[in-house]
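**Student:** Here it is, the structure in full.
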Amino acid sequence: GGMTVSLPHGSAGALELPDAISAVWGRWAAAGGRLAALPRNGGEGSGGGSLQLLPIASLPEFMADAGMDASLAPEGVARAEATAAAGLTQEQTAVLLCSLAVPEASTPSAGGTAQSQQSALQTTRLTPRASVAGAPSPYRKVLSKSKEYMETGYLVYDDTVVSYIRRLEEHRRTCEADGRYREAEAAGSRLVELKTAQVARMRQGLLMAQTQELAEVHRVYEEEGAQFGSGWEEKMKDYEDKLEAAVSGLRSQHESQAALYEQELMLKRPTKGRPTRDYLERIKREESLVKIREYKRAAQLREANGELYQQCLDHSVQAHEVEVQMKMAKLLSKQQVELEALMQRGARGRNNLELKRSSEAERRVYRFRNVVTELESLHRLEVVSLENFLDGQAIAGKARPIKDGFRRKREQLFKSWLL
């Protein structure tokens, strides 16, 4: 996922252009040979490999694929040649094309309001985590061309008012030199009024920008918190569904296993009785009676032997049934142990997920509080820098307070939070 650029309302393609740039870049990268490969310098965090660059000569074709006006191509090429020699990265391409699509802001008037001054002090806007394929970063920075303060790192007076103040100062000096002291006094009073109004607008603009920035941080935190909660709810539900499916599958497996095992045991049911010693002796006596032709006594003994054999068979069947019951009970006990073990593993996994969720939530709160604390400290430094600038300023627009260090501090602060 590349950089997303927020365009002013009414700009053509304000919503579609960033996505179009990202899509075209992805197609060109997948096609191969359309983007140049620049070896990385191997520095810390480079990760080796090569860096994909868009050749400046291919910029018009890239703009056409992104659906941009062809008349903007010459200006885009000129800007690219002035800022990059080897080519443009995806981020540089997005910023360049979106800046081309934004119309130039009009020059502020001398009667500018606090709202116009505040538009020049707007801060970097943050967007919450988006579940977009190829966008591993949880947040993306949104830049706007109208946010002069965040791009330059400077607090300055309204240019039109500055020019008017300088002309008024020259008029005061001329009147003073010519002896027109009343006019000089009136010009001096007007200078004080203008400078006082400018100071008030700058203070109010900085305060409004800081308030909006802090509110934006809170908004992003709340949105990310809602996504965090819904994501964990979905993760817990998915875990419960998988656990329920595993338990159901194990029970079904146990039922099939028990039925098959019982069927195997029933096939071993004895069909013949196990003869006892008494039964074998009776058979021998029966055979002896037959040899001496004592058929009547042999018939009586044979009938008694049949009853004894049936008793032996019944005893064998009963013993087999007892054995089947014992083996089935042992199997069911083993299956119950397996089921309980699965349930215990599921409970441990659920507890681990809850602990992980709680731990991540605590880390989120801790990081957020640190960011708010550091941001408030940065705001205080900005106010001090502004007051120092106002106290030491003799002529409006002469100095430029709040150097780039504040912008870099702000970027580092958000990067440490968002990553």
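Letter by letter, the sequence shown follows residues 479 to 897 of our numbering.
Ideal Cβ placement from N, Cα and C applies to all residues, glycine included.
Given the structure is predicted, the values throughout are model-derived calculations rather than measurements.
(1) Find out if the Cβ-Cβ distance for the pair alanine 498, glycine 565 is shorter than 8 Å.
(2) Under a three-way DSSP split, which group does leucine 758 fall into?
(3) Measure the alpha-carbon distance for tyrosine 699 versus arginine 679 and round it to whole angstroms.
(4) Does the region 763-777 come into contact with the region 821-831, if we say contact requires no fewer than three beta-carbon pairs (one atom in each stretch) closer than 8 Å?
(5) Just how far apart, CA to CA, sit proline 898 and cysteine 790?
(6) Enumerate in chain order the residues of its own chain whose CB-to-CB distance from leucine 672 is below 6 Å, with the five nearest sequence positions on each side excluded.
(7) Check whether the region 805-815 touches the region 733-747, counting contact only when three or more Cβ pairs, one atom from each stretch, lie closer than 8 Å.
(8) How many Å lie between methionine 806 and glutamate 740 at the Cα?
(9) In the DSSP assignment, what residue or residues form a beta bridge with alanine 515?
(10) Identify the residues that DSSP records as bridge partners of leucine 566: which are they?
(11) With DSSP collapsed to three states, give me the class of glycine 827.
(12) Give the straight-line distance between the Cα atoms of leucine 856 and methionine 541, rounded to the nearest whole angstrom.
(13) Using beta-carbon positions only, say whether isoleucine 534 and alanine 558 come within less than 8 Å of one another.
(14) Would you say histidine 857 reaches chain D, if we count a Cβ-Cβ gap shorter than 8 Å as a contact?
(15) In this structure, how does DSSP classify alanine 782 when only helix, strand and coil are distinguished?
(16) Suppose the cutoff is 8 Å on Cβ atoms and the five residues either side in sequence are ignored; what does the same chain contact list for valine 795 look like?
(17) For glycine 709, which of Glu854, Glu865, Glu832 and Thr571 has the nearest alpha-carbon?
(18) How long is the line joining the alpha carbons of methionine 546 and leucine 575, rounded to whole angstroms?
(19) Taking just the CA atoms, how far does glycine 824 sit from serine 726?
(20) Can you name the start and end residues of the alpha helix (DSSP H) that glycine 709 belongs to?
(21) Can you tell me where the alpha helix (DSSP H) holding proline 913 begins and where it ends?
(22) Would a C-beta distance cut-off of 8 Å place alanine 675 and leucine 646 closer than the cut-off?
(23) Measure the CB-CB distance between alanine 544 and valine 573 and report whether it falls below 8 Å.
**Tutor:** Looking at the atomic coordinates:
(1) Here residue 498 refers to the residue found at position 20 when the sequence shown is read from its first residue. Here residue 565 refers to the residue found at position 87 when the sequence shown is read from its first residue. With a cutoff of 8 Å on beta-carbon distance, alanine 498 and glycine 565 are scored as not near each other.
(2) For the purposes of this step, residue 758 is taken as the residue at position 280 of the sequence shown. Note: leucine 758 maps to helix in three-state DSSP.
(3) Taking the first residue of the sequence shown as 1, we reach residue 699 at position 221. Taking the first residue of the sequence shown as 1, we reach residue 679 at position 201. Rounded to the nearest angstrom, the two C-alpha atoms are 30 Å apart.
(4) No, they do not touch.
(5) Outside the displayed range of the chain (479 to 897) lies residue 898, so it cannot be described from this structure.
(6) In the sequence shown, the residue the question calls residue 672 occupies position 194. Counting only Cβ-Cβ distances below 6 Å, and skipping sequence neighbours, we find Ile643.
(7) Pairwise C-beta distances place the region 805-815 in contact with the region 733-747, as three or more of them are shorter than 8 Å.
(8) Mapped onto the sequence shown, residue 806 falls at position 328. Mapped onto the sequence shown, residue 740 falls at position 262. Going by the C-alpha atoms only, they are around 7 Å apart.
(9) One-based indexing of the sequence shown puts residue 515 at position 37. Bridge pairing for alanine 515: Gln530 [DSSP].
(10) Position 88 of the sequence shown, counted from the first residue, corresponds to residue 566. Answer is Leu532, bridged to leucine 566.
(11) On the sequence shown, residue 827 is found 349 positions in, with the first residue counted as 1. The answer is helix: DSSP assigns glycine 827 an H, G or I state.
(12) Along the sequence shown, one-based indexing puts residue 856 at 378. Along the sequence shown, one-based indexing puts residue 541 at 63. Their backbone Cα atoms lie some 39 Å apart in a straight line.
(13) Residue 534 sits at position 56 when you count from the first residue of the sequence shown. Residue 558 sits at position 80 when you count from the first residue of the sequence shown. Yes, the Cβ-Cβ distance between isoleucine 534 and alanine 558 is below 8 Å.
(14) The structure shown has no chain D; it contains just one protein chain.
(15) As a working mapping, residue 782 is identified with position 304 in the sequence shown. Alanine 782 carries a helical assignment under DSSP once its states are collapsed to helix, strand and coil.
(16) On the sequence shown, residue 795 is found 317 positions in, with the first residue counted as 1. If we look at valine 795 and ignore the five residues flanking it on each side, its Cβ neighbours are Arg747 and Pro748.
(17) Numbered from 1 along the sequence shown, position 231 holds the residue referred to as residue 709. Taking only the C-alpha atoms, the option nearest glycine 709 is Glu832.
(18) Numbered from 1 along the sequence shown, position 68 holds the residue referred to as residue 546. Numbered from 1 along the sequence shown, position 97 holds the residue referred to as residue 575. The C-alpha of leucine 575 is placed about 9 Å away from the C-alpha of methionine 546.
(19) Along the sequence shown, read from residue 1 onward, the residue named residue 726 stands at position 248. Along the sequence shown, read from residue 1 onward, the residue named residue 824 stands at position 346. Rounded to the nearest whole angstrom, the C-alpha separation of serine 726 and glycine 824 is 13 Å.
(20) Taking the first residue of the sequence shown as position 1, residue 709 is located at position 231. Element bounds for glycine 709: 659-745.
(21) Since the first and last residues shown for the chain are 479 and 897, residue 913 lies out of range.
(22) As a first step, residue 675 must be located in the sequence shown, where it is residue number 197. As a first step, residue 646 must be located in the sequence shown, where it is residue number 168. No, they are not a contact pair.
(23) Your numbering for residue 544 matches position 66 in the sequence shown. Your numbering for residue 573 matches position 95 in the sequence shown. For alanine 544 and valine 573, no; Cβs fall outside 8 Å.
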